[in-house]
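K.L.:
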Amino acid sequence: MVETRLIDGDFDYIVIGAGSAGCLVANRLSADPRSRVLVIEAGGRDDWIWFHVPVGYLFAIGNPRADWCFRTEPESGLNGRSLAYPRGKVIGGSSAINAMIYMRGQVADYDHWRQLGLRGWSWEEVLPYFKRHEDHFLGAGPTHAVGGELRIEPPRIRWDITDAFGEAARAIGIAPVNDFNTGDNEGSGYFHVNQKRGRRWSAARAFLKPALHRPNLILATNTLLEAIEFAGRRAVGVRVRRDDGTVQRARCGGEIILAAGTIGSAQILQISGIGPGDHLRQHGIAPILDRPGVGENLQDHLQLRLIYRVSGVKTLNETYRSVFARVGMGLNYLLFRRGPLTMAPSQFGLFTRSDPRRERANIEFHIQPLSLDKFGDALHPFPAFTASVCNLQPTSRGQVRLGSADPGAAPVIKPHYLTTEEDRQVAADSIRLTRRIVAAPPLQHFHPVEYRPGAAARDDDEAALVKAAGDIGTTIFHPVGTAKMGRPDDKMAVVDERLRVIGAEALRIVDASVMPTITSGNTNAPTMMIAEKGAAMILEG
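Start counting at 1 in the sequence shown, then tack on 15, and there's your number in my numbering.
Structure follows, in structure tokens:
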């Protein structure tokens with residue numbers, strides 16, 4: 016396939032974005048040789064070793080070769096801090112730089128979508144779409160499948176400190192589980208990961224690359240979408256800018272599928288004339304369709320990264336500082352595809368309730384045998400582990416808005432973390448619960464001392480705990496919801512239950528932006544489920 020032969024001509028489908036959703040959708044739509052499919056990706060090929068070695072996220076996040084390098088506006092809930100907001104800019108999208116954790120969420124997440132009036136989105140109805148592309152190491156059964164394109168494996172390394180955290184959790188009543196993906200993820204255990212024999216298994220490797228031999232599938236990389244073009248309210252094509260500055264157009268006789276992610280899809284809709292009318296006019300864009308919900312309803316899991324210094328146990332901090340140890344890590348990976356280079360950012364997980372009165376698990380821990388001030392910084396020079404805890408069902412809502420009508424300009428991202436009393440209460444309770452786990456006997460063998468936020472934020476001082484949450488809180492890279500699915504009578508809905516943009520024709524959105532509420536866990540697997548179900552609906556017509 017020659018990517019540069021683009022773009023003049025008619026296509027049956029144009030897929031905007033070759034991320035987790037776009038790769039899967041492109042695979043499914045191009046399976047029919049009679050359908051001509053164009054995929055547009057602003058990033059490049061995944062021809063860099065750190066896209067494939069699992070620990071490469073340390074080098075990819077914050078690197079413009081792999082990451083859009085967005086930043087949030089200063090957040091009042093984070094005591095005025097602005098956060099880096101990574102999003103993948105490469106084929107595979109964020110699945111090329113993410114934590115590789117396979118996590119579906121909870122039955123109640125999807126049953127809630129159905130209760131909102133969204134037919135076809137209950138747990139029972141979406142489970143077959145999760146299974147359709149699975150190749151799970153646990154084998155075929157009621158909740159898993161084998162033979163699909165997406166490989167899911169157990170981690171290939173364990174640490175005494177993470178095992179001890181699990182034992183400490185058990186000591187306070189949080190039981191271990193073998194599989195977080197049966198619909199009830201409450202408990203503790205090691206995450207399952209999107210890897211294949213120690214290599215990252217991104218959406219590009221699973222779905223896109225195996226389909227690129229098809230003559231009816233054309234991939235355009237390093238190609239920035241300038242706008243979706245309309246005839247009236249019907250999407251009829253796209254205008255793009257290549258990396259050499261040339262502008263080209265492609266026509267579409269069928270459907271255009273927007274799969275640019277929660278940030279990208281909201282921005283593209285707005286620069287194309289779909290969004291809050293007054294906001295578009297402020298940027299000189301004539302509204303084609305006034306949809307006030309575009310860019311609203313932004314949700315994310317805010318992680319509070321508590322760090323504990325330890326002694327008498329090995330962590331990656333001091334191991335990595337040894338030249339001999341690093342050489343050993345490299346050899347272990349080259350020869351056996353094992354060891355620290357296979358590590359996801361978090362190996363051990365725990366789901367529980369921040370308050371016993373909660374109906375279901377509402378917080379998730381990611382336990383890491385390492386510590387650093389923030390991603391991109393060096394590991395600390397002392398042995399330590401990080402207990403990162405996030406609110407799975409936040410009530411705070413943010414927004415994505417245009418900063419400029421220039422499609423190459425960064426959007427304005429305002430997550431509005433910790434802006435509700437409920438979220439502040441969950442944050443304070445999460446810090447208290449973390450301390451309770453760490454104080455349990457199985458971890459006391461290693462003499463943990465709280466490094467962040469530190470003893471000054473006392474458990475009996477609610478205001479101090481909320482401030483501490485603002486100091487140590489950061490994104491866990493799960494933004495969703497900016498083009499939410501809803502009933503046609505919901506003025507803030509952007510797409511209907513079949514992912515069609517309400518009020519437009521021949522335009523669907525198939526990515527994490529359509530989630531009306533965030534799922535209770537890492538969001539990559541739900542995004543691929545949405546893509547699988549969305550592709551099936553497109554093919555049904």
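Built from N, CA and C at the ideal position, the CB exists for glycine as well.
Quick check on DSSP: helix, strand or coil for residue 301?
P.N.:
For the purposes of this step, residue 301 is taken as the residue at position 286 of the sequence shown. Coil at residue 301, not helix or strand.
K.L.:
Enumerate in chain order the residues of its own chain whose CB-to-CB distance from residue 97 is below 6 Å, with the five nearest sequence positions on each side excluded.
P.N.:
Translated into the one-based positions of the sequence shown, residue 97 becomes position 82. Taken in chain order, the residues that qualify are 86, 87, 89.
K.L.:
Distance check for residue 414 and residue 302, CA to CA, integer angstroms please.
P.N.:
The residue given as residue 302 occupies position 287 in the sequence shown. The residue given as residue 414 occupies position 399 in the sequence shown. Using only the alpha carbons, I get a separation of about 19 Å.
K.L.:
Out of curiosity, what's the CA-to-CA distance linking residue 198 and residue 139?
P.N.:
The residue you call residue 198 lines up with position 183 of the sequence shown. The residue you call residue 139 lines up with position 124 of the sequence shown. Taking the straight line joining both Cα atoms gives about 10 Å.
K.L.:
What's the gap between the Cα of residue 452 and the Cα of residue 180?
P.N.:
As a working mapping, residue 452 is identified with position 437 in the sequence shown. As a working mapping, residue 180 is identified with position 165 in the sequence shown. Taking the straight line from one Cα to the other gives about 8 Å.
K.L.:
Check the C-beta distance from residue 409 over to residue 314 and give it rounded, since I have them as a contact under 8 Å.
P.N.:
Here residue 409 corresponds to residue number 394 of the sequence shown, with the count starting at 1. Here residue 314 corresponds to residue number 299 of the sequence shown, with the count starting at 1. That pair is a contact at about 6 Å.
K.L.:
To the nearest angstrom, report how far apart residue 109 and residue 35 are at their CA atoms.
P.N.:
Stepping through the sequence shown from its first residue, residue 109 is reached at position 94. Stepping through the sequence shown from its first residue, residue 35 is reached at position 20. Cα to Cα, the separation comes out at about 7 Å.
K.L.:
Give me whichever residues DSSP pairs with residue 100 in a beta bridge.
P.N.:
By 1-based counting over the sequence shown, the position of residue 100 is 85. Residue 100 pairs with 85.
K.L.:
Would you mind reading off the limits of the beta strand (DSSP E) that contains residue 437?
P.N.:
As a working note, residue 437 is residue 422 in the sequence shown. Not the beta strand (DSSP E): residue 437 falls in the alpha helix (DSSP H), residues 436–453.
K.L.:
Check the C-beta distance from residue 348 over to residue 464 and give it rounded, since I have them as a contact under 8 Å.
P.N.:
Taking the first residue of the sequence shown as position 1, residue 348 is located at position 333. Taking the first residue of the sequence shown as position 1, residue 464 is located at position 449. Wrong, their Cβ atoms sit about 32 Å apart, outside the cutoff.
K.L.:
To test your reading of the DSSP string, which unbroken alpha helix (DSSP H) runs of 4 or more residues are found completely within the region 126–181?
P.N.:
Runs found: 138–147.
K.L.:
Which class does residue 415 belong to by DSSP, given the choice of helix, strand or coil?
P.N.:
Numbered from its first residue, the sequence shown carries residue 415 at position 400. Note: residue 415 maps to strand in three-state DSSP.
K.L.:
Exposed or buried, which one is residue 262 when buried takes at least 16 other CB atoms within 10 Å?
P.N.:
Residue 262 sits at position 247 when you count from the first residue of the sequence shown. Answer is exposed; the Cβ neighbour count stays below 16.
K.L.:
Mind reading off the beta-carbon distance from residue 190 to residue 202? Whole number of angstroms is fine, and I expect it under 8 Å.
P.N.:
In the sequence shown, the residue the question calls residue 190 occupies position 175. In the sequence shown, the residue the question calls residue 202 occupies position 187. Indeed, because the Cβ distance is near 5 Å, the residues count as touching under 8 Å.
K.L.:
Roughly how many angstroms lie between the CA atoms of residue 437 and residue 532, to the nearest whole one?
P.N.:
On the sequence shown, position 422 is the one that residue 437 refers to. On the sequence shown, position 517 is the one that residue 532 refers to. Distance between the alpha carbons of residue 437 and residue 532: 16 Å.
K.L.:
Please report the straight-line C-alpha distance between residue 406 and residue 126, rounded to a whole angstrom.
P.N.:
For the purposes of this step, residue 406 is identified with residue 391 of the sequence shown, where counting begins at 1. For the purposes of this step, residue 126 is identified with residue 111 of the sequence shown, where counting begins at 1. Answer to the nearest angstrom: the Cα atoms are 19 Å apart.
K.L.:
Locate the alpha helix (DSSP H) running through residue 486, then write down its first and last residues.
P.N.:
Taking the first residue of the sequence shown as 1, we reach residue 486 at position 471. Its alpha helix (DSSP H) spans residues 477–487.
K.L.:
Determine the DSSP secondary structure at residue 253, reduced to helix, strand or coil.
P.N.:
As a first step, residue 253 must be located in the sequence shown, where it is residue number 238. Strand at residue 253.
K.L.:
So, is residue 507 buried or exposed, given that buried needs 16 or more other C-beta atoms within 10 angstroms?
P.N.:
Counting from one through the sequence shown, the residue named residue 507 turns up at place 492. Classification for residue 507: exposed.
K.L.:
Which same chain residues end up closer than 7 Å to residue 193 when comparing Cβ atoms and leaving out the 5 residues on each side of it in sequence?
P.N.:
By 1-based counting over the sequence shown, the position of residue 193 is 178. The answer, listed in chain order, is 204.
K.L.:
Please specify which runs of the alpha helix (DSSP H), each continuous and at least 4 residues long, are wholly inside the region 489–539, giving them in chain order.
P.N.:
Runs of the alpha helix (DSSP H) inside the region 489–539: none found.
K.L.:
Quick one: using the 10 Å Cβ neighbour count with 16 as the cut-off for buried, is residue 547 buried or exposed?
P.N.:
Indexing the sequence shown from 1 puts residue 547 at position 532. Residue 547 comes out buried.
K.L.:
Cutting at 6 Å between CB atoms, please list the residues of its own chain near residue 291, excluding the five before and the five after it.
P.N.:
Locating residue 291 in the sequence shown gives position 276, where the first residue counts as 1. These residues qualify, in order along the chain: 307.
K.L.:
Just to confirm my understanding: we take residue 59, look at its own chain, exclude 5 residues before and 5 after, and list those with CB closer than 7 Å. What are they?
P.N.:
Position 44 of the sequence shown holds residue 59. Excluding sequence neighbours, residue 59 sits near 105, 236, 237.
K.L.:
Whether or not the region 382–399 and the region 416–424 are in contact is what I'm after, with contact meaning three or more pairs of Cβ atoms, one per stretch, closer than 8 Å; do they touch?
P.N.:
No: the two stretches stay apart, fewer than three of their Cβ pairs being nearer than 8 Å.
K.L.:
Considering only the beta carbon of each residue, do residue 355 and residue 383 sit closer than 8 Å?
P.N.:
Sequence index remark: in the sequence shown, residue 355 carries index 340 (1-based). Sequence index remark: in the sequence shown, residue 383 carries index 368 (1-based). For residue 355 and residue 383, no; Cβs fall outside 8 Å.
K.L.:
Please report the residue range of the beta strand (DSSP E) in which residue 320 lies.
P.N.:
By 1-based counting over the sequence shown, the position of residue 320 is 305. Taken as a continuous stretch (DSSP letters only), the beta strand (DSSP E) holding residue 320 covers 317–324.
K.L.:
Is it buried or exposed, residue 159, if we count other Cβ atoms within 10 angstroms and call 16 or more buried?
P.N.:
Translated into positions along the sequence shown, residue 159 becomes position 144. So residue 159 ends up on the buried side.
K.L.:
Smallest Cα separation from residue 214: which of 250, 166, 101?
P.N.:
Indexing the sequence shown from 1 puts residue 214 at position 199. Out of 250, 166, 101, 166 has the C-alpha closest to the C-alpha of residue 214.
K.L.:
State yes or no: is the C-beta of residue 209 within less than 8 Å of the C-beta of residue 115?
P.N.:
Numbered from its first residue, the sequence shown carries residue 209 at position 194. Numbered from its first residue, the sequence shown carries residue 115 at position 100. Yes, Cβ-Cβ distance for residue 209 and residue 115 is below 8 Å.
K.L.:
Please classify residue 410: does DSSP put it in a helix, a strand, or coil?
P.N.:
Position 395 of the sequence shown, counting from 1, holds the residue named residue 410. It is coil, neither helix nor strand.
K.L.:
If we ignore side chains and look at the alpha-carbon of each, how far apart do residue 450 and residue 535 end up?
P.N.:
Numbered from its first residue, the sequence shown carries residue 450 at position 435. Numbered from its first residue, the sequence shown carries residue 535 at position 520. Cα-Cα distance, rounded: 22 Å.
K.L.:
Quick check: the region 148–158 against the region 223–243, are there 3 or more CB pairs under 8 Å?
P.N.:
Segments in contact, no.
K.L.:
Suppose you measure from the CA of residue 494 to the CA of residue 337; what does that come to, to the nearest Å?
P.N.:
Counting from one through the sequence shown, the residue named residue 494 turns up at place 479. Counting from one through the sequence shown, the residue named residue 337 turns up at place 322. When rounded, the distance between both Cα atoms is 37 Å.
K.L.:
Please list, in chain order, all residues of the same chain as residue 18 whose beta carbon is under 7 Å from its beta carbon, the five residues on each side excluded.
P.N.:
Locating residue 18 in the sequence shown gives position 3, where the first residue counts as 1. Residue confidence for residue 18 is low, a pLDDT of 42 falling below 50, so the modelled location carries little weight; the figure read from the coordinates is stated next. So the qualifying residues of the chain are 234, 235, 236.
K.L.:
Residue 404 bridges to which residues according to DSSP?
P.N.:
The residue you call residue 404 lines up with position 389 of the sequence shown. According to DSSP, which records beta bridges pairwise, residue 404 is partnered with 319, 380.
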